[in-house]
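Protein chains in written order, with my numbering: chain A, 5 to 286; chain B, 5 to 286; chain C, 5 to 286; chain D, 16 to 258; chain E, 16 to 258; chain F, 16 to 258.
Glycine included, C-beta positions come from ideal geometry on N, C-alpha and C.
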Amino acid sequence: MSLTPFRVPIVPELRKSTILSLIAKGLRIEERDLYTPRLIKIEAGVVERAEGSAQVQLGKTQVLVGVKVDVGTPFKDTPDEGVIAVNAEFVPIASPMFEPGPPDENAIELARVIDRSLRESNAVDRKSLVIIPGQKVWVVHVDIYVLNYDGNLFDASMLATMAALIDTRLPDYEELETGEIRLKEEKKTPLQINKIVTTVNIAKIGDYLIVDPNLDEETVADTKLIVAYDHEGNVVGIQKSGAGSMTREEILKAIDIGSKAARVYFKSLEEALGERLPVKIG
Amino acid sequence: MSLTPFRVPIVPELRKSTILSLIAKGLRIEERDLYTPRLIKIEAGVVERAEGSAQVQLGKTQVLVGVKVDVGTPFKDTPDEGVIAVNAEFVPIASPMFEPGPPDENAIELARVIDRSLRESNAVDRKSLVIIPGQKVWVVHVDIYVLNYDGNLFDASMLATMAALIDTRLPDYEELETGEIRLKEEKKTPLQINKIVTTVNIAKIGDYLIVDPNLDEETVADTKLIVAYDHEGNVVGIQKSGAGSMTREEILKAIDIGSKAARVYFKSLEEALGERLPVKIG
Amino acid sequence: MSLTPFRVPIVPELRKSTILSLIAKGLRIEERDLYTPRLIKIEAGVVERAEGSAQVQLGKTQVLVGVKVDVGTPFKDTPDEGVIAVNAEFVPIASPMFEPGPPDENAIELARVIDRSLRESNAVDRKSLVIIPGQKVWVVHVDIYVLNYDGNLFDASMLATMAALIDTRLPDYEELETGEIRLKEEKKTPLQINKIVTTVNIAKIGDYLIVDPNLDEETVADTKLIVAYDHEGNVVGIQKSGAGSMTREEILKAIDIGSKAARVYFKSLEEALGERLPVKIG
Amino acid sequence: MAKATDVKLIDEFGRRHDGRLPEEMRPVSMRINVLDNADGSALVEFGRTRVLAAVYGPREPVQRFMILPDRALLRVRYHMAPFSTAERKSPAPSRREIELSKVIREAFEDIILVKYFPRTAIDIFIEVLQADGGTRTAAVTAASLALANAGIPMKALVAGIAVGKIEGVLVLDVDEVEDGVGEADMPVAAAPDIGKITLFQLNGVLTKEEVEKGLDMALEAIKKLVELEKQTLVEEYVTTEEV
Amino acid sequence: MAKATDVKLIDEFGRRHDGRLPEEMRPVSMRINVLDNADGSALVEFGRTRVLAAVYGPREPVQRFMILPDRALLRVRYHMAPFSTAERKSPAPSRREIELSKVIREAFEDIILVKYFPRTAIDIFIEVLQADGGTRTAAVTAASLALANAGIPMKALVAGIAVGKIEGVLVLDVDEVEDGVGEADMPVAAAPDIGKITLFQLNGVLTKEEVEKGLDMALEAIKKLVELEKQTLVEEYVTTEEV
Amino acid sequence: MAKATDVKLIDEFGRRHDGRLPEEMRPVSMRINVLDNADGSALVEFGRTRVLAAVYGPREPVQRFMILPDRALLRVRYHMAPFSTAERKSPAPSRREIELSKVIREAFEDIILVKYFPRTAIDIFIEVLQADGGTRTAAVTAASLALANAGIPMKALVAGIAVGKIEGVLVLDVDEVEDGVGEADMPVAAAPDIGKITLFQLNGVLTKEEVEKGLDMALEAIKKLVELEKQTLVEEYVTTEEV
């Protein structure tokens, strides 16, 4: 069941009008223009014992993603594909508004939007995750951990997920006579990445569209459109998220604006990962 | 844990005294006599994609039952029998009193009373549900879905369950070399039905017994006796349900009254299902 | 998540000062000295249908432990060992403060402290619980059931657990051709017990240490140290439990005091179980 | 649990597998005041079936929404110890336990004088320590004793027993073996002093005539059980002879 | 469910597996007033997809903490019957159901005149009775009708439909078979009378041009659906012809 | 996780598997102010063990029933990230996490001046980002720093460390490999400036003499750790040399 949020942070009137009047001039409170994301810092390999990991700062929003892999059985309807499972936790260290407990609808939406963007774009080659066809496959757990929440968890989480997947190394293994798979300590094989994917979170505030809203902006926004792009320029996922509505023209404009911001995110991934980036970004 | 219900609908005093004074004259608010059920409408095959289904209207009470089957393992102590699992959900569309959530004690009681009446009477031949003895059997899920609640969910649910089971067709299948069972699209084989079973809900109001109470009557009733009958006239289950008590004579009289009302229900099943009824009702 | 307890019983001021002034004189409200446990009554074999059981009274605290065994698979990292699983339930019959529901942090702590004391001391020979190495082992479920709560559940539960394990008899079985294990009605084989283990609960009240606090004493205590001993005098587990702190000297003194009280507990086990005690207590 | 389908459960002399005659109960024992903290408590045994009941209240309800302005709210929990059954029972409440908590609560709603204690809660906690058939009726019997022991005013004492049908014969007080293979199990609870039947279920197939006969067998036995309850409330402990 | 990877889903004549043309919807039927207790209700079918919506409210919220001082609180539950899907769905809410409840709620927050009803709750309960693709958009359509049927004031009526891409072709109103093998599925809900798009998702890969074209296809269809809704509110039941 | 039973963990020169001497800690680093939203925060590393603590409060409790009239209520959550362990940890709280949350809370109840903040809540949230032994004692150390960073008044700073016994030798600061095969693991937390031991556990078998010796080893190390904490509170970041 979904309820109208009834514990939303209140943005003081003065701050709200500052945000709005700045936007009307094409400016933001953090001294950037409407279509530019905040400062981005991406660091891969931050949790040595995980098979893959990355930490992302997007302004003051901080997200840590860890990837763990184990051996499991494929889904019945995709016997020749491995499994990628995305999970998001809004741990209470990240915000005075987060309470301990199972993922709420926001955490579930976040995880599912990222999951779908990866799946539909075939960003990770799931066929390459098969160990014994129909029987044993790699199960890749992507755990999104929000460390500090200052708006736009979508883009920060997607960047961290992408970097962590690129960072991931599958363990070596041997097949025992019993058919069981024994994992070794060594982890060498990178995942086969077909596509680099990012989301861009475009908020609608009054008649304006802005990219990468911070928490105050998200709070005063009418609604948000999250658009996922691959590095070849395709749209690989969309989610309208938030209570309001958009016009046809706003949606098309948002997709356009987003595709430019996506380049900024791709560039950041390229800078952070360099040679490890498995595909060439145009 | 079971608690005295503390959120019961309040029947206005005037309505209550109307109900009681009518009953004293042998009449009901819906213009029927004490021992006659409300208007019954039974429609089988209403959910085409389910293996079996039926919708029942009993006055304003509406219940939809869907049957899904899959292949599972038998219980350890009955390796040569299939499994029938009955579940009831009081979905919140059905009443302003129903809240979303896992089944409460009323839904569980309803499901278990119906489950036992089927099981003990051997209404569905569980031995005929074996695919590979001791290993693979049909698991028949009966899901009771309350669409509109105006009292007496027992009888409406039992009628819908019975009709849905008669409507059920098992999928064709082939046994693979691996021992796995692959289901086909076609569904042809009906369940083997040994007995037609119905419940009759007899409410005690003051010194009177009435059949098929509606919601107002249930609310003012002292208690209820749910008696299950097979089409051969045996009693195949009883449940006293509700806070009050009954005397020995009231119980015996209720069982008697109920056996006549059961004929009405059997007749309705016969009319609705015609030739498809696998047994001849006396 | 752990919260400061906010529904603690209030010990009336007068009773509190009585407790404290008695302790200052080396006395207790139940007319015993600071280092002597309450009256102990141990009875094994009280639940005939369980594989093992024992009931313990420690003053007015009453604990019943039942042991059930079944056949399961070993943990991956200990393929050559059986499994002992300890669970504690604070059922609401035992105290006006206990509410029905899943085990809270106190029940979980109790079960885990007892579990660790058994495991680390190797009190029950887990290697002797293997049926087919790597595949089938005995799973020994120890269920601690609190019947009446008057303080110091640790010692009462540990005594009852120990007695119930000594009382336990594994069912005879045969290995079927399919590799399955079929249990027989007969239960003859005792568990292989290597060590007798007990805990001693030492409460700190002001500058005093007392053994086996009752509920009032626990409530006014600063903190508690639970020390587990084997019958050879080793310390096989420690848990500081409760909000306060202790000094280095208090801890060392508590361990000393406890080792004497442990003898009392061992003696009680010896008296209750006699010849059935599998090891000789010094 | 192998299901003993081939076993004869009534022998040529009309004796049951444990030597009882059809209308014979297992040895019964009742004891009150068995728990210190509870306001009332009772331990009841029917053969190897052993059930403990504790009553707390009338007391302030733990949660405020549970207040009824004109009567006491009953809370009943029927709960099985994990070690009470042949295979270990998971501690999480089963659907069976939820249903039985309801029917046991409903067996007392019309018996306890709840109007005397508005805005309070009366808690009946039942723990099945060992299950060998007939736990719900033993539970009702134990609860009745624990309520009386707690001084909760009741219209009358309640007791319960099940009648079964085995190999065509109606028998009193079925145990687990009999329940496993029998054709019917009909638990009944009643307050015979006021003629009220407060719990009534049938699992199985009976003719109308058998229902009547079985009900009368149960009511007969319940009368005796209530007499035993009365004796227990005076003497704190009673037991019937061993079979 | 075998995934029919080898099947051609658009034939040589541009027809889809059920004979429809790319821009053709399945037969639609709408009916209101289908439930007695609800304040408003509707049953909507797109082909074999069948969705029931009930509206309760504005009414006092069940729990007090759910009060908003200046507007009504919306509660939306999108729920699938266990028998609605090819394999039985567990009754526990899935992550998918939780997400869809959220996006459907958000599709109405800007449509219902919630400021008229401060301190109340408006509940929209959606039950998917049979799922054959397009359940979330059918749910929005049914909810719009049920809200109107309940007399809840709205800025405009809302309807929804999905556009898919199959074998390179954009098609309207994808069913489950098409969804299983298609390259993209883009559900859209809108209130065409006021130009608002209130639900918008894309699962799959499209070019920007395809998004635009698909969106226009959806909006065109939604206009027709809202006309059908209006007709339904007058006549209680409408249906489009069979394919 | 294969259990390395045959491996020698103390070599002929008395060195441990990572080259440390028995009384040598792993390299330690401490950093405060690592999170923007929290009122206080700290990141503490012992070798590869990495623990993050955030403190919120004193603030109004989320739920009203959690108010204590005369003191602040502490809420402590010890939680492991799913990717922190060798095998992925399910996000649902384990029994181990529930117990550790309790003992960590109890390590601060007598340290924080809770009487200064009646009717408020102080929340200590601990996230284990990487687990390589000694997470609970690293958690206490991080919590102490985060509390100080949040300006919560305390009687003294607290730090923790575990002493283990491996192949008969008492060693300081056991890591996961050592914990897996060792004979004992004894975590200790203390406020050395006021002589209070606030967390104390022993998992394993020791003689009384070994408990005393181990306790003294731990207290010695804790003194150094508290000195590092003090330095961290001034310099925001400190680290001890690499092994």
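When you compare the CB of residue i with every CB in chain C, is at least one pair closer than 8 Å?
i	result
residue 145 of chain D	yes
residue 103 of chain F	no
Relative to the C-alpha of residue i, which residue among the options is closest?
i	options	result
residue 171 of chain A	A:154, A:190, A:197	A:197
residue 93 of chain F	F:103, F:107, F:168	F:107
residue 21 of chain B	B:264, B:221, B:262, B:283	B:221
residue 160 of chain F	F:190, F:27, F:203, F:250	F:250
Tell me whether the beta-carbon of residue i lies closer than 8 Å to the beta-carbon of residue j.
i	j	result
residue 185 of chain E	residue 232 of chain E	yes
residue 134 of chain F	residue 84 of chain F	yes
residue 42 of chain D	residue 136 of chain D	no
residue 33 of chain C	residue 214 of chain C	no
Would DSSP call residue i helix, strand or coil?
i	result
residue 1 of chain A	Lying before the first or after the last residue shown, residue 1 of chain A is absent from chain A, which here runs from 5 to 286.
residue 106 of chain B	coil
residue 101 of chain B	coil
residue 178 of chain D	strand
residue 260 of chain C	helix
residue 112 of chain B	helix
residue 94 of chain A	coil
residue 159 of chain E	helix
residue 131 of chain E	helix
residue 66 of chain B	strand
residue 279 of chain A	helix
Using a Cβ-Cβ cut-off of 8 Å, state whether residue i counts as contacting chain B.
i	result
residue 18 of chain D	Residue placement at residue 18 of chain D is flagged as unreliable, the pLDDT there being 40, under the threshold of 50; the coordinate-derived value follows with that caveat. Closer than 8 Å: yes.
residue 240 of chain D	no
Answer yes or no: does any C-beta atom of chain E fall closer than 8 Å to that of residue i?
i	result
residue 235 of chain B	no
residue 7 of chain A	yes
residue 198 of chain B	no
residue 70 of chain B	yes
residue 55 of chain A	no
For residue i, decide whether its Cβ has a neighbour in chain D, counting only Cβ atoms nearer than 8 Å.
i	result
residue 100 of chain C	yes
For chain F, is any of its Cβ atoms less than 8 Å away from the one on residue i?
i	result
residue 124 of chain C	yes
residue 178 of chain A	no
residue 238 of chain C	yes
State yes or no: is the beta carbon of residue i nearer than 8 Å to at least one beta carbon in chain A?
i	result
residue 26 of chain F	no
Cβ pair count under 8 Å reaching 3, the stretch 241 to 248 of chain B against the stretch 208 to 216 of chain D: Cβ pair count under 8 Å is three or more, so yes.
Check whether the stretch 133 to 150 of chain D and the stretch 60 to 77 of chain D are in contact - that is, three or more C-beta pairs closer than 8 Å. Yes: the two stretches touch, three or more of their Cβ pairs being nearer than 8 Å.
Quick check: the stretch 176 to 195 of chain C against the stretch 227 to 234 of chain C, are at least 3 beta-carbon pairs closer than 8 Å? Using a Cβ-Cβ distance cut-off of 8 Å, the stretch 227 to 234 of chain C and the stretch 176 to 195 of chain C are not in contact, since fewer than three pairs of beta carbons, one from each stretch, lie closer than that value.
Is the stretch 8 to 18 of chain A in contact with the stretch 42 to 50 of chain A, if contact means three or more CB pairs nearer than 8 Å? Output reads no: the stretch 42 to 50 of chain A does not touch the stretch 8 to 18 of chain A.
Does the pairing of the stretch 86 to 104 of chain E with the stretch 47 to 61 of chain B give three or more beta-carbon distances under 8 Å? Under the three-pair Cβ rule at 8 Å, the stretch 86 to 104 of chain E counts as touching the stretch 47 to 61 of chain B.
At least three beta-carbon pairs within less than 8 Å, the stretch 64 to 80 of chain C to the stretch 108 to 128 of chain C: Judged by Cβ distances under 8 Å, the stretch 64 to 80 of chain C makes no contact with the stretch 108 to 128 of chain C, as fewer than three pairs qualify.
Could you tell me whether the stretch 128 to 140 of chain A touches the stretch 262 to 278 of chain A, where touching means 3 or more Cβ pairs closer than 8 Å? Under the 8 Å Cβ criterion, the stretch 128 to 140 of chain A does not count as touching the stretch 262 to 278 of chain A, having fewer than three qualifying pairs.
If you pair each beta-carbon of the stretch 194 to 202 of chain D with each one of the stretch 220 to 228 of chain D, do three or more pairs fall below 8 Å? Touching, yes, given that three or more Cβ pairs across the two stretches are closer than 8 Å.
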